[in-house]
Each structure stands twice: as structure tokens, then as C-alpha cells.
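Quick note: the sequence shown, position 210, residue 192 per my numbering, numbers continuous.
Where is the CB? At the ideal position from N, CA and C, for every residue including glycine.
Bear in mind that the values here come from a model prediction, so they are computed numbers and not experimental data.
Since the structure comes first, as C-alpha cells, the remarks are kept for the end.
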Amino acid sequence: MIMKTAHLDKDELMRHAANRMDTELAGHSRSLRETVALTCNILFRHGHDSGLAGQITALLPDGSGHYLTQRLGLGFDEIDVANLLVVDRDLNVIEGQGMPNPANRFHSWIYDRRPDVRCIVHTHPLHTSALSMLGEPLAIAHMDSCMLYGEVAWLPEWPGVPVGNDEGKIISEVLGGRKAALLAHHGLVVAGSSVEEACVIAVQFERAARLHLLARAAGEIKKIPDALAKEAHDWILTDRRSKALFDYYARGLIRYG
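Set out below in C-alpha cells:
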């Protein structure tokens, strides 16, 4: 029996599939606090732990410019809804006990520059950190990594510990309008339109860095044609798919701890 869709071209099939995903990939309803706490736990499970290094922030939806972040002194695996802080752009604590990471200052610079950004992730995962030591940008040369195609900036000179306003200017400027940046001798920064998007981009960024290092050790990395990389980017990086993938990662926490 011939399939009824056998006469359709690829563009039509992709549009049909995208429409179905919009209606059938039902997202899980969570509070912002729950989503941020889950993001911390998910990133810990996916290799983004580095002691007390790294920050996750998410803008409150009330227009105040305040954001949620984790308390300095706790690892990502220790974060829950009860110990998150609410801070203002100057890192004054509005709600909660403890202090934020002083490096959150560069997050404020990104939020001021990018009104589209709702969540920022900065971590030092192993493979990303190793790649950051080589003096070369992240290679996007696998279908899964195409989520990041055209989205990753490269900061080739390390400005030092990012607790000053100069570092905020440098990092926000190199990021520009993109969703991520590789910071030399440092790690990654992700600027997402949602917490879920920032989380899944950060997970994929570290996997892409691992693929980069493995492929480069074996030989020359072959470039993907730009048109195909853009096609894969647009197919993978959608709000619905990001939230469905986030839900998958969240279910993994329940299954495996």
C-alpha cells in the first residue's frame, strides 16, 4: 500500500510534522522557581558541576527586573525551590537568605542589552572548559549540535574573574544577539528566551564540545553545508521541542535521582 504522504516533498512533510508537534507535545506546567531549581539539578546531572562555580538566573515576569538565582555556597545539586534568591540588578537580595554569586553582575549587563533574554546559564563543564583552553571556537558539525548553528559567539581573550562591570560589557558585547558564547579559558554562557531553552542549549553545548574534542582527536572536522545546518537548527530549536526535551530531562531526575 502506497503511503498517502509519499507524494509530498520534504518542506511539506516538515511543516506537517511541526504543526503536529505544536499540538501534541503538551508541556508540563511548573512555577518559575520549580523550573529554575530543576535546571540546576538537570545541569548537575549532565556534567555542569564545578564546585561553586557557575550561575543560573531567570527574570521574574513582573517587570521589576529582579531575577531568581542560586545562593552562593550551594552546588547545583543542592538547589531547590526553597533556597533560591530573588535579587535586583545590583545583586541586592530582595527575597531569601544568603548572597548571590558576585559574578552574576555580568548577567545584569546581558539582561540590559537583550530584552528577549529571560534566563542566563553560565557553567564550567568539563569538555567545554577543555575546548576553551585550545584557542578555537566550537565546531558545529553534527545534526544534534545544529541547535547551536549560528548561535555561538567566541570570546578569544579571557578578561579575568567576571565580577566587574568591564567583564559585563565584554561578555554582553561578544554575545551580541546570539544565544550562547564560548569564553576562552573559562566556560560557556547561554542566553535563552525561556528557562527551558537555556537549559537544553547548555546541555547540548557541552555535548557538542565533547563531540568536537573526540572528532578533532581522530582527524579533521568536516563542515556541514550552511543550508543544511540552518535547516536542522530551525527544526530542532523551537519552543515546543525545547520544553518537551526539558520535560524529558526532568523525568530523568525522578528515574535516576
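Spatial neighbours of residue i in its chain, beta-carbon cut-off 6 Å, leaving aside the 5 residues before and after
{"i": "C101", "result": "A40, G174, V177, A180"}
{"i": "I206", "result": "A123"}
{"i": "N83", "result": "Q37, L54"}
Straight-line Cα distance separating residue j from residue i
{"i": "I122", "j": "G158", "result": "19 Å"}
{"i": "K225", "j": "F187", "result": "17 Å"}
{"i": "H(-11)", "j": "V156", "result": "46 Å"}
{"i": "D72", "j": "R87", "result": "7 Å"}
{"i": "W91", "j": "V134", "result": "18 Å"}
{"i": "S154", "j": "T(-13)", "result": "46 Å"}
{"i": "D94", "j": "D(-9)", "result": "43 Å"}
{"i": "M(-17)", "j": "M3", "result": "Annotation note: pLDDT 48 at M(-17) (below 50); position unreliable, no value reported."}
{"i": "R189", "j": "L7", "result": "24 Å"}
{"i": "R198", "j": "L116", "result": "11 Å"}
DSSP state of residue i mapped onto helix, strand, coil
{"i": "G150", "result": "helix"}
{"i": "I236", "result": "helix"}
{"i": "S90", "result": "helix"}
{"i": "W140", "result": "coil"}
{"i": "A184", "result": "helix"}
{"i": "M(-17)", "result": "Residue placement at M(-17) cannot be trusted, given a pLDDT of 48 that sits under 50; what the coordinates show is reported in the next sentence. Of the three classes helix, strand and coil, the one that applies to M(-17) here is coil, per DSSP."}
{"i": "E133", "result": "coil"}
{"i": "V68", "result": "strand"}
{"i": "L219", "result": "coil"}
{"i": "L34", "result": "strand"}
Chain-order list of residues whose beta-carbon lies under 8 Å from that of residue i (same chain, five-residue window excluded)
{"i": "R12", "result": "L20"}
Rounded Cβ spacing between residue i and residue j (contact assumed at less than 8 Å)
{"i": "A191", "j": "T105", "result": "In fact, because the Cβ distance is near 11 Å, the residues do not count as touching under 8 Å."}
{"i": "G113", "j": "L137", "result": "With the sequence shown as reference, residue 113 is identified as Leu, and Gly is not the correct amino acid for it. That pair is no contact at about 13 Å."}
{"i": "N23", "j": "I61", "result": "7 Å"}
{"i": "F26", "j": "G57", "result": "7 Å"}
{"i": "D221", "j": "H10", "result": "Actually they do not touch by this definition, with Cβ atoms about 14 Å apart."}
{"i": "R185", "j": "Y131", "result": "One detail in the question is off: residue 185 reads as Val in this sequence, not Arg. Not quite, the Cβ-Cβ distance comes to about 16 Å (not below 8 Å), so this is no contact."}
{"i": "S217", "j": "M(-4)", "result": "Looking at the sequence itself, residue 217 is Trp, so the reference to Ser does not match. Their Cβ separation, rounded to whole angstroms, is 7 Å, which keeps W217 and M(-4) in contact under 8 Å."}
Where residue i falls, given that 16 or more other Cβ within 10 Å makes a residue buried
{"i": "D70", "result": "exposed"}
{"i": "V171", "result": "buried"}
{"i": "T5", "result": "exposed"}
{"i": "V143", "result": "exposed"}
{"i": "S46", "result": "exposed"}
{"i": "R233", "result": "exposed"}
Residues near residue i by beta carbon distance below 7 Å, same chain, minus five either side
{"i": "D98", "result": "S175"}
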